[in-house]
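Encoded structure:
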């Protein structure tokens with residue numbers, strides 16, 4: 545069982561930056577694929593960025609060049625560095641951990657609100 549907790553959200557002006565963190569409880573964090581999602585009320589949750597066990601990353605086209613996903617396995621933490629934020633980045637951001645063995649169990653955090661507004 546893994547518990548995830550996101551932090552780092554808040555209110556930021558357009559063009560600003562935030563760094564989100566996703567801290568996982570338990571062990572074997574390095575064996576999970578971590579994905580950051582975001583969701584706006586009334587819309588489907590969308591994948592923003594993911595990072596594999598080996599550190600390979602993927603990004604949604606809408607955030608390429610602005611967001612950077614990383615992981616620190618020693619701290620059981622994944623980060624999402626968000627730069628050049630736009631009002632359309634406003635959403636609740638969630639992290640998800642997917643096990644890379646067995647039944648590929650999935651775990652979600654509770655989310656953190658990011659609001660980009662002047």
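In our numbering, the protein residues as written are 545 to 662.
Using N, Cα and C, we set each Cβ at its ideal position, and we do this for glycine too.
Buried or exposed for residue i, going by 16 or more other Cβ atoms inside 10 Å?
i: residue 582; result: buried
i: residue 640; result: buried
i: residue 591; result: exposed
i: residue 660; result: buried
i: residue 607; result: buried
i: residue 647; result: exposed
i: residue 662; result: exposed
i: residue 602; result: exposed
i: residue 622; result: buried
Are the CB atoms of residue j and residue i within a distance shorter than 7 Å?
i: residue 577; j: residue 642; result: yes
i: residue 575; j: residue 644; result: yes
i: residue 580; j: residue 629; result: no
i: residue 637; j: residue 546; result: no
i: residue 665; j: residue 615; result: What the structure shows of the chain is the stretch from 545 to 662, and residue 665 is not part of that stretch, so it cannot be assessed.
Tell me the DSSP bridge mates of residue i?
i: residue 612; result: 625
i: residue 554; result: 658
i: residue 642; result: 577 and 650
i: residue 583; result: 636
i: residue 565; result: 551 and 623
So residue i and residue j are supposed to be a Cβ contact under 8 Å. How far apart are they, rounded?
i: residue 573; j: residue 600; result: With a Cβ gap of about 16 Å, residue 573 and residue 600 do not count as contacting.
> Counting pairs of Cβ atoms below 8 Å between the stretch 647-655 and the stretch 588-596, do you hit three or more?
Replying inline: Flag = no, the stretch 647-655 and the stretch 588-596 do not touch.
>> I want to know whether the stretch 626-633 touches the stretch 565-579 - three or more CB-CB distances under 8 Å.
In response: Not touching, per the Cβ criterion.
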